[in-house]
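Each residue of the sequence shown is one higher than the one before, counting from 1 in UniProt numbering.
Notes to accompany the following structure.
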Amino acid sequence: MQGKRGIWLKILLEQADLVPIAIQEGFNFHHAEPGYVMLTYWLPNEPCLLPASPSHQIGIGGFVMNHKREVLVVKEKCPCSCSGVWKLPTGYINKSEEIFSGAVREVKEETGIDTISWKWLLSVDEKEIQAAKWMPLDEFVSQPFYKEDHMSRKVIDICISKYDNRYNGFIAHQMTSKLDRKLSYLYYNEPEKI
């Protein structure tokens with residue numbers, strides 16, 4: 001083990017009976033995925049420098065507005081704090097999914113609207129969504145929920161500003177990486193026009 005500071009031990013599902021033995025030997029849980037668990041062991045008698053396990057989810061929402069300044073909104077079935085509120089279609093990014101692609105997917109899953117092809121036929125995901133509709137922008141932003149929830153209101157204000165060309169802000173630039181030749185998006189703040 002000369003020159004080594006940390007050990008990564010991947011235990012497959014069919015070897016799961018080895019986990020208690022590894023834990024007894026000083027290994028710690030790092031993360032788990034379908035089919036395996038990853039354990040680590042830090043060798044030096046100093047603070048561990050191995051990277052922490054993944055711990056965040058990325059939530060996204062799709063802001064879709066038509067030529068009549070109506071916003072595509074949904075009312076969720078869940079008993080959450082936004083129950084009964086007309087809101088943007090939202091969800092979480094899937095593993096290895098781009099932010100933009102995730103937003104497009106969530107809008108299509110929840111409403112049936114394909115924002116890429118501009119086919120505007122509503123079709124509600126009845127498992128998650130109680131209803132979906134086009135709502136006038138003024139009516140949407142005047143809901144009590146958005147007057148009280150400052151973070152959600154700020155997000156919507158940014159979306160409206162972008163739609164009205166008053167905000168350059170965060171953009172997605174589609175590119176191909178030279179490293180893996182995969183199509184990806186580079187996200188960055190676009191500088192104000194000079």
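Beta carbons are placed, not taken as given, at the ideal position from N, Cα and C, and that holds for glycine.
All of these numbers come straight from a predicted model, not from anything done at the bench.
Problem set entry | Through-space distance from Ile171 to Ala52, alpha-carbon basis | 29 Å
Problem set entry | Endpoints, alpha helix (DSSP H) assigned at Ile129 | Here Ile129 belongs to no alpha helix (DSSP H); instead the beta strand (DSSP E) covers 129-136.
Problem set entry | Unbroken stretches of the alpha helix (DSSP H), 4 residues or longer, contained in the UniProt domain "Nudix hydrolase" (55-183) | 99-111, 137-141, 144-148, 150-163
Exercise. For His173 versus Tyr185, is the C-beta distance shorter than 8 Å?
Worked result: yes
Exercise. Below 8 Å between beta carbons: does that hold for Val64 and Ala132?
Worked result: no
For this session: Could you check the C-alpha separation between Asp138 and Asp125 for me, to the nearest Å?
Result: 26 Å
Problem set entry | Lys10 and Tyr36 closer than 8 Å at C-beta | yes
Problem set entry | Delimiting residues of the beta strand (DSSP E) encompassing Ala22 | Here Ala22 belongs to no beta strand (DSSP E); instead the alpha helix (DSSP H) covers 19-24.
For this session: Decide if Tyr146 is buried, meaning its Cβ has at least 16 other Cβ atoms within 10 Å, or exposed.
Result: buried
Problem set entry | Selection from Glu33, His31, Tyr41, Gln15 that minimises the alpha carbon distance to Glu25 | Tyr41
Exercise. Measuring CA to CA, which of Lys182, Ala16, Tyr188, Glu46 is closest to Glu97?
Worked result: Lys182
For this session: Could you tell me the boundaries of the beta strand (DSSP E) in which Phe27 lies?
Result: Where Phe27 is concerned, there is no enclosing beta strand (DSSP E), given that its DSSP letter is neither H nor E.
For this session: Would you kindly work out how many angstroms separate the C-alpha atoms of Gln2 and Pro89, rounded to a whole number?
Result: 53 Å
For this session: Please check the pair Gly61 and Ala103, which I expect to be a contact at CB under 8 Å, by giving their CB distance rounded to whole angstroms.
Result: 7 Å
Exercise. Which of the three DSSP states, helix, strand or coil, is assigned to Glu14?
Worked result: helix
Exercise. In angstroms, rounded to a whole number, what distance separates the CA positions of Met38 and Ala16?
Worked result: 11 Å
Exercise. Is DSSP giving Ala32 helix, strand or coil here?
Worked result: strand
Exercise. From Val141 to Ser152, what distance separates their C-alpha atoms?
Worked result: 10 Å
Exercise. Quick one: is the Cβ of Glu106 within less than 7 Å of any heavy atom of the ligand ADP?
Worked result: In the structure shown, the ligand ADP is absent, as is every other ligand, since no ligand is present at all.
Exercise. What's the C-alpha gap between Asp149 and Asp114?
Worked result: 29 Å
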